[in-house]
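Residue numbers (this note's numbering): 174 to 428.
Idealized CB from N, CA, C, for every residue including glycine.
Note that this is a predicted model, so its numbers are computed, not measured.
Read through the structure below, which is laid out as structure tokens, and then see the notes.
This is the structure:
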């Protein structure tokens with residue numbers, strides 16, 4: 174099952190890349206974005222679904238949860254504990270969501286309302302996903318005796334990892350067009366590293382299993398990608414409302 178999912182994922186990604194490079198994509202950007210984006214969303218959904226299935230059945234990648242958890246617990250020291258606690262606190266869902274909503278307010282005031290709405294939707298959807306999936310799966314957290322942070326809700330998925338991937342991701346995507354050259358690459362790399370650090374800090378503190386964090390990252394990217402695809406399609410349609418529709422209809426008739 175896992176091998177088939179990986180093979181299908183690779184095939185769909187190749188199709189998405191090919192679609193984005195065709196002349197048809199340049200003539201019909203709205204449809205091309207929807208198709209290519211939909212393929213990527215489907216790939217991520219398959220990956221998330223496979224991980225959820227493995228967690229429920231306690232097989233597949235979940236067999237690594239114990240060894241990974243044990244490795245982090247056995248490699249603790251005071252300095253790293255302080256660092257991990259700081260990263261985890263700074264990457265808390267409430268902190269990240271508040272930061273994002275402040276950015277959304279600034280964008281709204283400056284009349285970048287579509288971007289402000291995008292951020293709000295990403296934040297709100299992320300919160301719903303965290304609560305909904307935790308309640309649905311109800312996975313117990315690692316042994317309380319070795320945890321370095323107090324948590325009372327379910328373990329799967331990691332809310333820190335999900336919200337960091339989705340919310341910090343959308344902020345980085347919206348910042349990219351406003352940046353140039355090396356600074357854009359630096360922000361992208363920095364965002365990835367921060368998201369990874371937040372997830373790893375949760376493993377170090379022993380409040381999550383590795384599959385919780387991995388699924389949190391993937392689910393966050395899935396939600397982010399879905400929102401970005403819809404946002405982009407709407408933007409393209411609004412930029413070429415009537416003219417684009419007539420042109421595409423004419424081209425379809427000619428074919």
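What is the DSSP secondary structure of residue 327, reduced to helix, strand or coil?
For this step, residue 327 is matched to residue 154 along the chain shown. The answer is coil: DSSP assigns residue 327 none of H, G, I, E or B.
Opening and closing residue of the alpha helix (DSSP H) in which residue 333 lies
Counting from 1 along the chain shown, the entry for residue 333 is found at position 160. Residue 333 -> alpha helix (DSSP H) spans 332 to 336.
Expressed to the nearest angstrom, what Euclidean distance is found between the alpha-carbon atoms of residue 210 and residue 344?
Locating residue 210 in the chain shown gives position 37, where the first residue counts as 1. Locating residue 344 in the chain shown gives position 171, where the first residue counts as 1. Roughly 19 Å separates the two Cα atoms.
Hey, quick one: how far does the alpha helix (DSSP H) through residue 361 stretch, first residue to last?
For the purposes of this step, residue 361 is taken as residue 188 along the chain shown, with counting starting at 1. Judged by DSSP secondary structure, residue 361 falls within the alpha helix (DSSP H) whose first and last residues are 354 to 377.
How about residue 381 and residue 328: do their beta carbons lie closer than 7 Å?
As a working note, residue 381 is residue 208 in the chain shown. As a working note, residue 328 is residue 155 in the chain shown. Residue 381 is a Cβ neighbour of residue 328, given a cutoff of 7 Å.
Distance between residue 306 and residue 363 (C-alpha atoms, nearest Å)
For this step, residue 363 is matched to residue 190 along the chain shown. For this step, residue 306 is matched to residue 133 along the chain shown. Linking residue 363 to residue 306 through their CA atoms gives a straight-line distance of about 28 Å.
So the candidates are 384, 397 and 402; which of them puts its Cα closest to the Cα of residue 222?
The sequence position of residue 222 within the chain shown is 49, counting from 1. Answer by Cα proximity: 384.
Exposure label - residue 202; buried when at least 16 CB within 10 Å
For the purposes of this step, residue 202 is taken as the residue at position 29 of the chain shown. Low confidence applies to residue 202: its pLDDT is 49, below 50, so where it sits in the model is not reliable, and the reading given next is rough at best. When all chains shown are included, residue 202 counts as buried.
Can you give the beta carbon distance from residue 160 to residue 386, rounded, assuming they're within the 8 Å contact cut?
Outside the shown range of the chain, which is 174 to 428, sits residue 160, and nothing can be said about it.
Quick check on residue 265: does DSSP put it in helix, strand or coil?
Within the chain shown, the letter at position 92 stands for residue 265. Residue 265 falls in the coil class under three-state DSSP.
Quick check on residue 252: buried or exposed, where buried means 16 or more other Cβ atoms within 10 Å of its Cβ?
The residue labelled residue 252 in the question sits at position 79 within the chain shown. It counts as exposed.
Return the CA-CA distance between residue 226 and residue 377, expressed in angstroms with no decimal places.
Numbered from its first residue, the chain shown carries residue 226 at position 53. Numbered from its first residue, the chain shown carries residue 377 at position 204. Straight across, the Cα-Cα distance linking residue 226 with residue 377 is about 25 Å.
Output the distance between the C-alpha atoms of residue 315 and residue 321, rounded to the nearest integer angstrom.
Taking the chain shown and counting its residues from 1, one reaches residue 315 at position 142. Taking the chain shown and counting its residues from 1, one reaches residue 321 at position 148. So the two alpha carbons sit approximately 11 Å from each other.
Three CB pairs or more closer than 8 Å across the stretch 261 to 278 and the stretch 295 to 303:
Because the criterion of three Cβ pairs below 8 Å is met, the stretch 261 to 278 and the stretch 295 to 303 touch.
Residue 392 versus residue 283 - alpha carbon distance
In the chain shown, the residue the question calls residue 392 occupies position 219. In the chain shown, the residue the question calls residue 283 occupies position 110. Approximately 31 Å, taken between the alpha carbons.
Along the chain, where does the alpha helix (DSSP H) that runs through residue 345 open and close?
Position 172 of the chain shown holds residue 345. From DSSP, the alpha helix (DSSP H) with residue 345 extends over 342 to 348.
Hey, out of 216, 280 and 228, whose CA is closest to residue 312's CA?
The residue given as residue 312 occupies position 139 in the chain shown. When each option's Cα is compared against that of residue 312, the closest is 228.
Could you name the residues of the same chain whose beta carbon sits closer than 8 Å to that of residue 218, not counting the 5 residues immediately before and after it, in chain order?
Here residue 218 is taken as the residue at index 45 of the chain shown, counted from 1. The beta carbon of residue 218 is closer than 8 Å to those of 395 in its chain, skipping five residues each way along the sequence.
Report the rounded CA-to-CA distance for residue 277 versus residue 257, giving the unit in angstroms.
Taking the first residue of the chain shown as position 1, residue 277 is located at position 104. Taking the first residue of the chain shown as position 1, residue 257 is located at position 84. If you draw a straight line from the Cα of residue 277 to the Cα of residue 257, it comes to about 28 Å.
Neighbourhood of residue 389 by C-beta distance below 6 Å, restricted to the same chain and skipping five residues each side
Along the chain shown, one-based indexing puts residue 389 at 216. If we look at residue 389 and ignore the five residues flanking it on each side, its Cβ neighbours are 330, 331, 334 and 335.
Any beta-carbon of chain C closer than 7 Å to the one on residue 371?
Looking at the structure shown, chain C is missing, and only one protein chain is on hand.
Please state if the CB of residue 349 and the CB of residue 260 are separated by a distance shorter than 7 Å.
Walking along the chain shown from the start, residue 260 turns up at place 87. Walking along the chain shown from the start, residue 349 turns up at place 176. No, Cβ-Cβ distance for residue 260 and residue 349 is not below 7 Å.
Own chain partners of residue 342 with C-beta closer than 6 Å, once the 5 adjacent residues on each side are dropped:
If you number the chain shown from 1, residue 342 lands on position 169. Taken in chain order, the residues that qualify are 397.
Let me know if residue 404 comes out buried or exposed under the rule of 16 or more other beta-carbons within 10 Å of its beta-carbon.
By one-based count along the chain shown, residue 404 stands at place 231. Counting Cβ neighbours within 10 Å, residue 404 comes out buried, since at least 16 surround it.
Start and end of the alpha helix (DSSP H) containing residue 291?
Residue numbering aside, residue 291 sits at position 118 when the chain shown is read from its first letter. Where residue 291 is concerned, the enclosing alpha helix (DSSP H) stretches over 286 to 310.
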